[in-house]
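In the numbering used here, the protein residues as written are 1088 to 1342. Positions of the beta carbon are idealized from the N, C-alpha and C atoms, including for glycine. It should be emphasised that the depicted structure is a prediction, and the values quoted were computed from it without experimental measurement.
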């Protein structure tokens, strides 16, 4: 099974769960994320790995048009249904991988991706594609879960993530994000760290249920939390039942 097939398999049956996920749908977080881009109303926007469309739906009233783009058809159906329910007419959906965007060079003024990059099979290629489709003077905003720079904690967190969701690729460190954005031709204008959903506390059982963690992996996930390095437990604010996960939010422009 390829990485893309794994993502589609993981998310096809649980798309509705992400439409109602508190952390993903957090209005305050979404409004701040979109505000980073300072839209003035005439922009063409692309939201990559749109998921249940939360960013695209928040962005749509503030731009001329937005394309919600995702690898998983079920996610795009949820997004389209939400747009119709809200009377949003300037949102279209398109299916495909982040590493091969089916759009011409310079097609968009704004590009966003929130909480999807850790599933990209090749982040470097995805960032290069973002650089290709962004217009001169455009802006990109990315938010994603982030790993600690400490090697042991980094490895432990990614192991937990992969046990929970086999389509997970990697939570990158801040250092990796800076390096990869620069290599793709972007200049970071702002970098903010915090916690997913403004510190939304995630019960481990609910976290696994949302993605449909394989039953045989669930005890392994619990054990991996309990056996994680103490430094990681502190970062995750782990209390034995629930945790919070760090994120980084980045605004960048093409160099």
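Check                                                                                                                                                                             : Outcome
Tell me the rounded alpha-carbon separation between residue 1340 and residue 1302.                                                                                                : 43 Å
Counting Cβ pairs, one atom from each stretch, are 3 or more of them under 8 Å apart for the region 1125-1141 and the region 1196-1208?                                           : yes
What residue range is occupied by the uninterrupted beta strand (DSSP E) comprising residue 1117?                                                                                 : Note, residue 1117: premise wrong, no beta strand (DSSP E); alpha helix (DSSP H) at 1114-1122.
DSSP three-state call for residue 1231: helix, strand or coil?                                                                                                                    : strand
Give the straight-line distance between the Cα atoms of residue 1240 and residue 1328, rounded to the nearest whole angstrom.                                                     : 19 Å
Which residues bound the beta strand (DSSP E) around residue 1247?                                                                                                                : It is not in any beta strand (DSSP E) - residue 1247 instead sits in the alpha helix (DSSP H) that spans 1238-1251.
Among 1223, 1162, 1156, 1332, which one has its Cα closest to the Cα of residue 1190?                                                                                             : 1156
Would you check if the distance between the CB atom of residue 1083 and the CB atom of residue 1145 is smaller than 8 Å?                                                          : Absent from the structure is residue 1083, since the part of the chain shown begins at 1088 and ends at 1342.
Using only CA atoms, which one of 1102, 1110, 1089, 1167 lies nearest to residue 1287?                                                                                            : 1110
By alpha-carbon positions, which one of 1173, 1170, 1164 ends up nearest to residue 1182?                                                                                         : 1164
Nearest CA to the CA of residue 1176: which residue from 1187, 1147, 1200, 1107?                                                                                                  : 1147
Figure out for me which residue from 1120, 1246, 1215, 1247 has the closest Cα to the Cα of residue 1272.                                                                         : 1215
Does DSSP classify residue 1097 as helix, strand or coil?                                                                                                                         : helix
Using the Cα positions of residue 1310 and residue 1152, report the straight-line distance between them to the nearest angstrom.                                                  : 46 Å
Who are the Cβ neighbours of residue 1124 in its own chain at under 6 Å, not counting the five residues just before and after it?                                                 : 1197, 1226, 1228
Alpha carbon to alpha carbon, how far is residue 1322 from residue 1330?                                                                                                          : 9 Å
Please specify which runs of the beta strand (DSSP E), each continuous and at least 3 residues long, are wholly inside the region 1156-1207, giving them in chain order.          : 1178-1182, 1195-1201
Give the single residue among 1269, 1232, 1262 whose Cα lies nearest to the Cα of residue 1256.                                                                                   : 1232
Quick one: is the Cβ of residue 1253 within less than 7 Å of any heavy atom of the ligand PLP?                                                                                    : In the structure shown, the ligand PLP is absent, as is every other ligand, since no ligand is present at all.
Roughly how many whole angstroms lie between the Cα atoms of residue 1259 and residue 1246?                                                                                       : 13 Å
Apart from the five residues just before and just after residue 1267, which ones in its own chain have a Cβ nearer than 8 Å to its Cβ?                                            : 1210, 1211, 1214, 1259
Tell me the DSSP secondary structure of residue 1105 in three-state form.                                                                                                         : helix
Along the chain, where does the beta strand (DSSP E) that runs through residue 1277 open and close?                                                                               : 1273-1282
Drop a sphere of 10 angstroms on the beta-carbon of residue 1221, count the other beta-carbons inside from all chains shown, and report buried for 16 or more, exposed for fewer. : buried
So what does DSSP say about residue 1316, is it helix, strand or coil?                                                                                                            : coil
Using only the alpha-carbon positions, how far apart do residue 1208 and residue 1172 sit?                                                                                        : 33 Å
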